[in-house]
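Undergrad:
2 protein chains.
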Amino acid sequence: MNSLNYAVKILKKAGLRCTPGRIEIVSILLDSEHPLSQEEITAELSRNGLDRVTVYRALEAFLKVGIVHRVETGDRLWRYALCACGSRKHCHPHFVCRECGRVECLTGVKLPTFTEPKPGYKVEEQETYLKGICPECAEP
Amino acid sequence: MNSLNYAVKILKKAGLRCTPGRIEIVSILLDSEHPLSQEEITAELSRNGLDRVTVYRALEAFLKVGIVHRVETGDRLWRYALCACGSRKHCHPHFVCRECGRVECLTGVKLPTFTEPKPGYKVEEQETYLKGICPECAEP
DNA sequence: ACAGTAAACGCAAATTTGTTGCGTTTATAT
DNA sequence: ATATAAACGCAACAAATTTGCGTTTACTGT
Chain A
288 MNSLNYAVKI LKKAGLRCTP GRIEIVSILL DSEHPLSQEE ITAELSRNGL DRVTVYRALE
348 AFLKVGIVHR VETGDRLWRY ALCACGSRKH CHPHFVCREC GRVECLTGVK LPTFTEPKPG
408 YKVEEQETYL KGICPECAEP
Chain B
288 MNSLNYAVKI LKKAGLRCTP GRIEIVSILL DSEHPLSQEE ITAELSRNGL DRVTVYRALE
348 AFLKVGIVHR VETGDRLWRY ALCACGSRKH CHPHFVCREC GRVECLTGVK LPTFTEPKPG
408 YKVEEQETYL KGICPECAEP
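In order, the protein sequence lines correspond to chains A and B. Going by this note's numbering, the residue at position 114 of the first sequence is 401; the numbering climbs one at a time, nothing skipped. Going by this note's numbering, the residue at position 67 of the second sequence is 354; the numbering climbs one at a time, nothing skipped.
So this is what it looks like as structure tokens:
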């Protein structure tokens, strides 16, 4: 199934409307290897793209119904990635390159789970960021 | 030793000037159980406090010489805590309460260290945020 | 197919958080 | 005491995101 059709399916399942704009956003996220910011998404939209605000609102709606997760890596940009696990909890750590700023989901890396790291402190969500240098930026 | 005297010591050791403003900022951080934002610090300053910009610049200077570490927990606020370990790397995870927004350093909790989670991806710094509900906010 | 309705949209303006420029004050080494 | 670089205050700026509001559009139920 191509990503446009799959995007429709995702939106329908989430109970959101299948507008051309939202379908395209989901499809862009589907095709991306890493979480994207509003600006990156807007840049990939077809010529007569969407308003910034519309993209922000769509992403917020996606977050609310749990089809994306949101990461903040220290550069004060929200980035969004489709969330296979279907919850807002981050099931994997994220790698952030200090050179190019790209964020990568380390889906293969398992994390220890903390439920109550200190008496009375109940954990609902867990995020780990590994910051460093990615293979492309490490090139000599 | 009271926190004002200790603050002077910290600043001297870091090679920074002991101005009344910076001494007070360090002393506020010393007395705090958790990382503080510029706004929280400014609120705790004595009546004729400091300009926002001055606080930001002081915190930036502290970060540069490594006497504080900075956390960003997803609400787009920088928070700063004195750093016993003397490095900018975060040696412990942080707990973030979804109700009151307060951030706590989990100094007792050990984390597994990743050096190369994926071939070619070199980790320099590692941050873990545990988000949930703190004992005070969990009260019925 | 068609009308009604809530969701989605676009545009303008506002908000929030942090930064820069620049002239003045002050801690500290000499 | 004095020179000087660090620290400061004020005003203006900047980037990312949010809010308000009127218009358009996808979908539900005839």
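Even glycine gets a Cβ: it sits at the ideal position worked out from N, Cα and C. Every value quoted in this text rests on a predicted model; they were computed, and no experiment measured them.
Output yes if chain A places a C-beta closer than 8 Å to the C-beta of Gly419/B; else output no.
TA: True, the Cβ-Cβ gap to chain A drops below 8 Å.
Undergrad: In terms of alpha-carbon separation, which member of Val396/A, Lys397/A, Gly395/A and Leu346/A lies closest to Leu303/A?
TA: Out of Val396/A, Lys397/A, Gly395/A and Leu346/A, Leu346/A has the C-alpha closest to the C-alpha of Leu303/A.
Undergrad: Using a 10 Å radius around the Cβ and a threshold of 16 neighbouring Cβ atoms, would you call Arg363/A buried or exposed?
TA: Under this definition Arg363/A is an exposed residue.
Undergrad: Could you tell me if Thr400/A is buried or exposed, where buried requires 16 or more neighbouring beta carbons within 10 angstroms of its beta carbon?
TA: When all chains shown are included, Thr400/A counts as exposed.
Undergrad: If distances are taken between C-alpha atoms only, which option among Thr415/B, Val383/B and Lys300/B comes closest to Lys409/A?
TA: Among Thr415/B, Val383/B and Lys300/B, the Cα nearest to that of Lys409/A belongs to Val383/B.
Undergrad: Could you give the uninterrupted runs of the beta strand (DSSP E) lying entirely in the stretch 369-407 of chain A, keeping only those of 3 residues or more?
TA: Here the runs fully enclosed are 381-384 and 390-392.
Undergrad: Listed in chain order, which residues of the stretch 303-323 of chain B have Cβ atoms closer than 9 Å to some Cβ of chain A?
TA: Here the close residues number zero.
Undergrad: The beta strand (DSSP E) that contains Leu417/A, what's its start and end?
TA: Its beta strand (DSSP E) spans residues Lys409 to Ile420.
Undergrad: Tell me where the alpha helix (DSSP H) around Arg344/A begins and ends.
TA: It spans Arg339 to Val352 - the alpha helix (DSSP H) in which Arg344/A sits, taken as one unbroken run.
Undergrad: Could you tell me which residues DSSP pairs with Ser324/B in its beta bridges?
TA: In DSSP, Ser324/B forms a bridge with Arg366/B.
Undergrad: Per DSSP, what kind of secondary structure is Glu423/A in: helix, strand or coil?
TA: Helix.
Undergrad: Use the C-beta contact count for Gly395/A: other C-beta atoms within 10 angstroms, 16 or more gives buried, fewer gives exposed.
TA: The residue is exposed, with fewer than 16 neighbouring Cβ atoms inside 10 Å.
Undergrad: Taking 8 Å as the CB-CB cut-off, is Ala425/A touching chain B?
TA: For Ala425/A, the answer is yes, since a Cβ of chain B falls inside 8 Å of its Cβ.
Undergrad: By DSSP, does Arg309/A sit in helix, in strand, or in coil?
TA: Correct three-state label for Arg309/A: helix.
Undergrad: Around the Cβ of Gly419/A, are there at least 16 other Cβ atoms within 10 angstroms (buried) or fewer (exposed)?
TA: Buried, since its Cβ has 16 or more Cβ neighbours within 10 Å.
Undergrad: Output, in chain order, the set of chain B residues within a Cβ distance shorter than 9 Å of Leu393/A.
TA: Here the neighbours are Phe401, Pro404, Lys405 and Tyr408.
Undergrad: Just to confirm the assignment, what range does the alpha helix (DSSP H) spanning Asn292/B have?
TA: That run of the alpha helix (DSSP H) goes Ser290 to Ala301.
Undergrad: Within 10 Å of its beta-carbon, does Ser314/B have 16 or more other beta-carbons around it, so buried, or fewer, so exposed?
TA: Its Cβ being crowded by 16 or more others within 10 Å, Ser314/B is buried.
Undergrad: Would you report the Cα separation of Lys295/A and Glu412/B, rounded to the nearest angstrom?
TA: Residue identity check: residue 295/A is Val in the sequence provided, not Lys. For Val295/A and Glu412/B, the distance between alpha carbons rounds to 39 Å.
Undergrad: I need the boundaries of the beta strand (DSSP E) containing Arg357/B, first residue and last residue.
TA: Its beta strand (DSSP E) spans residues Val355 to Glu359.
Undergrad: Roughly how many angstroms separate the alpha carbons of Leu332/A and Glu320/A, rounded to a whole number?
TA: Distance between the alpha carbons of Leu332/A and Glu320/A: 17 Å.
Undergrad: With 16 other CB atoms within 10 Å as the buried threshold, where does Arg366/A fall?
TA: The residue is buried, with at least 16 neighbouring Cβ atoms inside 10 Å.
Undergrad: State the Cα-Cα distance for the pair Val352/A and Thr341/B, rounded to the nearest angstrom.
TA: Computed Cα separation, rounded: 41 Å.
Undergrad: Rounded to the nearest angstrom, what separates Thr263/B and Gly336/B at their Cα positions?
TA: The requested residue 263/B is not part of the displayed model; chain B covers only 288 to 427.
Undergrad: With a threshold of 8 Å between beta-carbons, can Gly388/B be considered close to chain A, or not?
TA: Taking Cβ atoms only, chain A never reaches closer than 8 Å to Gly388/B, which makes this a no.
Undergrad: Please state whether the Cβ-Cβ distance between Cys370/B and His379/B is less than 8 Å.
TA: Not a contact, by the Cβ cut-off of 8 Å.
Undergrad: Assign Ser374/B to one of two classes, buried (16 or more other C-beta atoms within 10 Å of its C-beta) or exposed (fewer than that).
TA: Confidence is the limiting factor: at Ser374/B the pLDDT is only 49, short of 50, which leaves the residue's position unreliable, though a coordinate-based value still follows. Ser374/B comes out exposed.
Undergrad: Rounded to a whole number of angstroms, what is the C-alpha to C-alpha distance between Glu423/B and Val390/B?
TA: Spanning the two alpha carbons is a distance of roughly 13 Å.
Undergrad: For Arg363/A, go through chain B and note every residue whose CB falls closer than 7 Å to its CB, in chain order.
TA: Chain B residues near Arg363/A: Arg363.
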